[in-house]
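Q:
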Amino acid sequence: MQSLRTGKLIAIRQRLAGDASAKVFKGMATLAVGNGLARIVGLASIPILTRIYSPEHFGVLSVFTALLLILTPLMTLRYELAVPLPSRHGAAMTLMALAAAFVAVTTVLVSTVLWLAGPVLLTSISMEALIPYRWMLAVALASAGLYEVLLIWAVRRRAYAAIARTQLQQSAVGSIAKVVLGLLGMKPLGLLAGQVLGAGAGTFKLVRLFSADVRRYWRQVTLQRAWWLFRHYRSFPIYRLPSQLLQIFSSQAPLLLTAALYDPTTTGQLGLAMMTLALPMNLLGHSTSKAYYAEIATIGRKRPAEIRTLTYSVIKRLLLLALAPTLLLLLFGERLFAVAFGAEWAVAGEMASILAIYLLFQFMHAPASHLLSVFQGQRRLLMLNVQRAVLTAACFASGHLLELPITSVVLIYAVTLSAHYLFSLAMTLRVIPR
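Heads up, the sequence shown is in my numbering, so the first residue is -1 and it goes up one at a time.
1. For the region 93 to 113 against the region 143 to 151, do three or more pairs of beta-carbon atoms, one drawn from each stretch, fall closer than 8 Å, so that the two count as touching?
2. What is the rounded straight-line gap between the Cα of isoleucine 294 and the Cα of alanine 276?
3. Determine the contact status of alanine 320 and leucine 357, defining contact as a CB-CB distance below 8 Å.
4. 8 Å is my cut-off, CB to CB: does leucine 204 come that close to chain D?
5. Am I right that alanine 89 and leucine 227 are in contact with their C-beta atoms under 8 Å? What's the rounded C-beta distance?
6. Mapping DSSP to helix, strand and coil, what is glutamine 374?
7. Using a Cβ-Cβ cut-off of 7 Å (strictly less than) and excluding sequence neighbours within five positions of serine 285, which residues of its own chain qualify?
8. Beta-carbon within less than 6 Å of valine 345's beta-carbon, same chain only, minus the 5 sequence neighbours each way: which residues are those?
9. Check whether the region 153 to 166 touches the region 200 to 210, counting contact only when three or more Cβ pairs, one atom from each stretch, lie closer than 8 Å.
10. Under 8 Å by Cβ, that's how I've got leucine 327 and serine 351 pegged, so tell me the actual separation to the nearest angstrom.
11. Please state the DSSP three-state secondary structure of leucine 259.
12. Go through its chain and collect everything with a Cβ distance to glutamine 167's Cβ below 7 Å, but skip five positions before and after it.
13. How far does the alpha helix (DSSP H) with glutamine 165 in it reach, from first residue to last?
14. Mapping the DSSP letters down to three states, classify methionine 184 as helix, strand or coil.
15. What's the gap between the Cα of leucine 382 and the Cα of leucine 334?
16. Rounded to whole angstroms, what is the Cα-Cα separation between leucine 427 and leucine 369?
17. The alpha helix (DSSP H) with alanine 303 in it runs from where to where?
18. Assuming contact is defined by CB atoms lying nearer than 8 Å, are glycine 283 and serine 169 in contact in what I supplied?
19. Take the Cβ of serine 19 as the centre, count every other Cβ of all protein chains shown within 10 Å, and call the residue buried at 16 or more, exposed below.
20. Out of curiosity, what's the CA-to-CA distance linking arginine 238 and tyrosine 291?
21. Can you give, in chain order, each stretch of the alpha helix (DSSP H) that sits fully within the region 180 to 244 and has at least 4 residues?
22. Of all the options Ser248, Phe361, Asn280, Cys393, which has the alpha carbon lying nearest to the alpha carbon of leucine 318?
23. On a CA-only basis, which of Leu270, Arg315, Thr390 is nearest glutamate 342? Give me that one, please.
24. What's the C-alpha gap between leucine 455 and tyrosine 77?
25. Locate the alpha helix (DSSP H) running through glycine 88, then write down its first and last residues.
26. Which term fits lysine 314, buried or exposed, when burial requires 16 or more other beta carbons within 10 angstroms of its beta carbon?
27. Straight-line CA distance for threonine 414 to proline 403?
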């Protein structure tokens, strides 16, 4: 009788996990379509933009985008990542208000620093090209911060179609603005303004969409509750924020270290290889992560068995999804690059073939960090990101000391990163209680 009950419980859990897994991949498909269309719009505008703006103008945009990437996580201290976790919408709305307040305060601080010391600071980090446009950086950071806050509420509400529409709208508005402003002679201001207007378009769309939620739950936002949540989720700014910054460093380090140790041509070849490898991950891996986080946050930490079953199901499906692009690049990378980009990019294809080794493990690992949010494992996440940063630097340092060719260094990096992803996945899965 007891075994029969146990069997029924297992069957119910498997059915629930199957339903949850289906929801994750339905959400992933919606997000992937929106993301894919947004990228197509962005790619279609590049041939037009390259005829309007010069390489120097794109250089200013690259620096502007890099600063945005580094500074955006600081705007909210990563408190917005906790929004899907509370069971009550009132508590989640309080976290939204807390994150939005940090965006406002940080915007004032950044604006003041840029106004008073911007020229000196930007010159000291070789970004003097941004000095005339530093005011736009403050606007862009405020817009990006608010978008992150609203986006995570959309994830909590599982509004995947809305997220997909905003991604497409951001790309369309940004691309059109860059073209129109460039034709009007606003260079390079048009590129920067297009970036800001695109982000703003997504923000206003989400504000209109969730204004009813704000009106409904705003009365539950109190200073006492905000203070309690500020302290309860303090692991996010203490551990998650430095984790995010280390993650950004680790993703950019291969190119930065290659630029320091090798010639510009080699850096360009590696840049194209890494950009190509990022496409399947950006399109499918990150989309799955958002949908997966929404689902496990809804299930809640008090039902670990369901989260474990769902997690294994998602990992298996991601493994299957990753097989095709991994094998394609592994077997035909060099030839594909030569055909698609020209014979001069064959080395990039060779590098992509080598780097494809870690693509499988990266896909499997993609949603895992969200488990650490649900089960309060932020400190573990920081340790894993420190490990990745150290290993990445060690790969290139050893290559330099041994005077290895770039392909050998890339192979060492790919194998090391694969081992890191596998180790991180194993360590992350251990946070689910038995």
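For every residue, glycine included, the Cβ atom is placed at its ideal position computed from N, Cα and C.
All values derive from a computational prediction rather than experimental measurement.
A: Let me lay it out:
1. Under the Cβ criterion (8 Å, minimum of three pairs), the region 93 to 113 counts as touching the region 143 to 151.
2. Approximately 25 Å between the Cα atoms of the pair.
3. In this structure, leucine 357 lies closer than 8 Å to alanine 320 by Cβ.
4. The structure shown has no chain D; it contains just one protein chain.
5. In this structure alanine 89 touches leucine 227 by the C-beta definition: roughly 6 Å separates them, less than 8 Å.
6. Looking at glutamine 374 - three-state DSSP - the assignment turns out to be coil, as it is neither helix nor strand.
7. Result list for serine 285: Met26, Leu29, Ala30, Asn33, in chain order.
8. Cβ-Cβ distances below 6 Å link valine 345 to Gln267 in the same chain, with the five nearest sequence neighbours on each side left out; the list follows chain order.
9. Touching, yes, given that three or more Cβ pairs across the two stretches are closer than 8 Å.
10. Contact flag correct, Cβ pair sits at about 6 Å.
11. Assigned with DSSP and collapsed to three states, leucine 259 falls in helix.
12. The beta carbon of glutamine 167 sits closer than 7 Å to those of Ala199, Gly200, Lys203, all from its chain and outside the five residues before and after it, given in chain order.
13. For glutamine 165, the enclosing alpha helix (DSSP H) begins and ends at 158 to 181.
14. The answer is coil: DSSP assigns methionine 184 none of H, G, I, E or B.
15. Each residue's alpha carbon lies about 34 Å from the other.
16. CA-to-CA, the gap between leucine 427 and leucine 369 works out to about 8 Å.
17. Run containing alanine 303: 302 to 339, per the alpha helix (DSSP H) assignment.
18. Not closer than 8 Å, so no.
19. Under this definition serine 19 is a buried residue.
20. For the pair arginine 238 and tyrosine 291, the Cα-to-Cα distance works out to about 15 Å.
21. Complete alpha helix (DSSP H) runs here, min 4: 187 to 215, 221 to 230.
22. Nearest of Ser248, Phe361, Asn280, Cys393 to leucine 318, Cα basis: Phe361.
23. For glutamate 342, the nearest C-alpha among the options comes from Leu270.
24. Because the chain in this structure spans residues -1 to 432, residue 455 falls outside the shown range and cannot be described.
25. Glycine 88 -> alpha helix (DSSP H) spans 87 to 122.
26. That one is exposed.
27. Taken atom to atom, the span from the alpha-carbon of threonine 414 to that of proline 403 is near 17 Å.
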